[in-house]
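Below: the structure, in structure tokens.
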Amino acid sequence: MKKILVPVDGSEQSMRALNEALSIAEGKESGYAISLINVSPDPVYFPYYPIGGGQLNKNVEAEMNEEAKREGEQLLTTIKNETNAPRLNVDIVHLEGVPSHEICRYADENNYDMIVMGNRGRGAFGEIILGSVSHKVLHLAPCPVLIVK
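Its first residue numbered 913, the sequence shown is counted upward by one per residue in this note's numbering.
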């Protein structure tokens, strides 16, 4: 079975990449499996002080992590449910960490045959032509990478 990893973040580019991966997989006779992956970046730690002063809330980072996890899993579930590919095995994976590193690590550890991803995502900062995550994945991936515009 051929395995395709598709990083998704809900952006238009990642949805085009998913459609391309579905086209590749559905056009083949042999079995294909598609995994949708979403990586919640580690939150940037910032001190949180309640309005009006008071004690530092040490649970904010844990709450931010939990909220990011919930949002990532909800996004993946929604996208999977909207994917119309009855002949394909589509599963979802949510990870936390540096997106480019986690995508490549997961692809390597699970022997993916290809990564199909958008050229830019929802990140606040990106590179001029190719998004920073897709640029890093292109250079670090253990398998072929298809970048979809």
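Heads up, the beta-carbon is just placed ideally off N, CA and C, and yes, glycines get one too.
Check	Outcome
Nonlocal neighbours in the same chain, by C-beta distance under 6 Å from residue 1005, ignoring five residues either side	947, 949
Cα-Cα separation, residue 933 to residue 1055	15 Å
Where residue 1018 falls: helix, strand or coil (DSSP)	helix
Residues bridged to residue 917 (per DSSP)	947, 1027
Counted within 10 angstroms of its Cβ, other Cβ atoms place residue 925 as buried (16 or more) or exposed	buried
Residue 1010 - containing alpha helix (DSSP H), residue span	First-last for residue 1010: undefined, no H or E at that position.
Beta-carbon gap between residue 930 and residue 1024 smaller than 7 Å	no
DSSP state of residue 1044 mapped onto helix, strand, coil	helix
Cβ distance (whole Å) where residue 1010 is taken to contact residue 919 below 8 Å	With a Cβ gap of about 13 Å, residue 1010 and residue 919 do not count as contacting.
Distance between residue 1027 and residue 1001 (C-alpha atoms, nearest Å)	16 Å
Chain-order list of residues whose beta-carbon lies under 8 Å from that of residue 1021 (same chain, five-residue window excluded)	none
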